[in-house]
Amino acid sequence: MRGKFITFEGPEGGGKSTQVQTLAEWLRKQGKKVVVTREPGGTRMSELIRALVRDEMEDPPVTRCEVLLFLAARAQVVSQVIRPALARGEWVVCDRFADSTFAYQGYGRGIDVQLLKNFNDFVTEGLVPDLTILLDVPPEVSRTRLAARQASTSDTGDRIEAAGEMFHRRLREGFLDLAKAEPKRFTVIDASKSIDKVAAAVQKTVQRILS
Ligand code: Z5A
Numbered sequence: 007m008r009g010k011f012i013t014f015e016g017p018e019g020g021g022k023s024t025q026v027q028t029l030a031e032w033l034r035k036q037g038k039k040v041v042v043t044r045e046p047g048g049t050r051m052s053e054l055i056r057a058l059v060r061d062e063m064e065d066p067p068v069t070r071c072e073v074l075l076f077l078a079a080r081a082q083v084v085s086q087v088i089r090p091a092l093a094r095g096e097w098v099v100c101d102r103f104a105d106s107t108f109a110y111q112g113y114g115r116g117i118d119v120q121l122l123k124n125f126n127d128f129v130t131e132g133l134v135p136d137l138t139i140l141l142d143v144p145p146e147v148s149r150t151r152l153a154a155r156q157a158s159t160s161d162t163g164d165r166i167e168a169a170g171e172m173f174h175r176r177l178r179e180g181f182l183d184l185a186k187a188e189p190k191r192f193t194v195i196d197a198s199k200s201i202d203k204v205a206a207a208v209q210k211t212v213q214r215i216l217s
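Everything in the sequence shown is counted per our numbering, starting at 7 for the first residue and increasing by one.
Structural data, given as structure tokens:
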């Protein structure tokens, strides 16, 4: 039997990486085999692309180039990691996926969302998550959390994180619009709550597809 595919989405600092790990541990306790991956990333090629798109280079990629880099990274992780794991009956929990392209490059950068969906179908060969958890946080909360993380670690942020206030507002609205358009696939969770409260809400949601 095919495994289940769960994706986490939302603005930066919403707690995706934290909740991906917590959910994977919880699922393993429920007896599931779980593969954790992330976007961009998850394969050697996709991690190289990740480093490229996050780099604060002097001549950053133009938006069309940025789109194609994210899509190229996705083509690789879908065919080398996600589809094989699902075919083995394992669960895949992925930190960001296609909705990030629609939100960041579509709503954020202004590329036509339908065009992005067509390109995305090409690279994923129609793979759609069974469940998408949108960790929703206002830009103020994202900023505070990321500033605290930068103050306490070697993390210095990245090129996309550094985009302006309006970009981040459009992005959040974009994610909420995407969720509204597909209420069966998406669950929106208020991620400004504590880590434990968010984890409990995530588990309650995943319980619905646990069998
Ligand atoms: N991108 C794109 O543009 N197009 C695409 O198609 C794709 C991606 C796939 C990937 O960066 C970048 O690529 C991203 C989107 C773009 N843009 N940016 N910037 P990334 O993977 O490095 O970054 P991220 O996905 O935005 O994740 P993040 O910044 O690491 O945030 P997070 O994973 O959501 O949160 P976290 O790391 O779990 O937590 C952040 C901090 O907050 C940390 O110190 C936690 O301890 C703390 N935290 C977490 N939850 C809580 C709660 N509930 N309360 C208090 N503090 C908390």
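From the three backbone atoms N, C-alpha and C, an ideal C-beta is built for every residue, glycine too.
Bear in mind that the values here come from a model prediction, so they are computed numbers and not experimental data.
* Exposed or buried, what is residue 100 when buried is set at 16 or more other beta-carbons lying within 10 Å of its beta-carbon? -> It counts as buried.
* Leaving out the 5 sequence neighbours to the left and right, which residues in its chain are closer than 7 angstroms to residue 82 when beta-carbon positions are compared? -> Here residue 82 has 49, 51 and 52 as same chain residues with Cβ atoms under 7 angstroms from its own Cβ, once five neighbours each way along the sequence are excluded.
* Is the segment 98-114 in contact with the segment 37-44, if contact means three or more CB pairs nearer than 8 angstroms? -> yes
* Asked: Out of curiosity, what's the CA-to-CA distance linking residue 209 and residue 137?
  -> 12 angstroms
* Quick one: what's residue 97 bridged to in DSSP? -> 40
* To do: Sort out for me which residues DSSP pairs residue 107 with in a bridge.
  => Residue 107 is not bridged to any residue.
* Asked: In the structure shown, what three-state DSSP assignment does residue 15 receive?
  -> Three-state result, residue 15: strand.
* To do: Taking 8 angstroms as the threshold, find out whether the segment 141-157 comes into contact with the segment 191-208 through three or more Cβ pairs.
  => yes
* Using the DSSP secondary-structure output, state which residues sit across from residue 196 in a beta bridge. => 142
* Proximity to residue 120 [Cα-Cα], best of 128, 130 and 108 -> 108
* Touching or not, the segment 67-81 and the segment 112-119, by the rule of three or more beta carbon pairs under 8 angstroms? -> yes
* Asked: How many Å lie between residue 46 and residue 84 at the Cα?
  -> Each residue's alpha carbon lies about 11 angstroms from the other.
* Report the rounded CA-to-CA distance for residue 190 versus residue 15, giving the unit in angstroms. => 15 angstroms
* **Nearest-angstrom Cα separation, counted from residue 103 out to residue 54** => 17 angstroms
* Asked: When you compare only the Cα positions, how much space is there between residue 187 and residue 135?
  -> Whole-angstrom Cα-Cα distance: 15 angstroms.
* Pairwise C-alpha distance: residue 8 and residue 68 -> 38 angstroms
* **Cα-Cα separation between residue 123 and residue 106, rounded to whole angstroms** => Going from the Cα of residue 123 to the Cα of residue 106 covers about 11 angstroms.
* Asked: With burial defined as no fewer than 16 other Cβ atoms inside 10 Å of the residue's Cβ, what is the status of residue 34: buried or exposed?
  -> It counts as exposed.
* Can you tell me which of 175, 78 and 154 puts its alpha carbon nearest to the alpha carbon of residue 131? => 78
* Quick one: residues in its chain with C-beta nearer than 8 angstroms to the C-beta of residue 87, no 5 flanking neighbours on either side, listed in chain order? => 41, 43, 48, 49 and 98
* Asked: Between which two residues does the alpha helix (DSSP H) carrying residue 69 extend?
  -> 69-83
* With a Cβ-Cβ cutoff of 9 angstroms, do residue 110 and residue 152 count as a contact? -> In terms of Cβ geometry, residue 110 and residue 152 do not form a close pair [threshold 9 angstroms].
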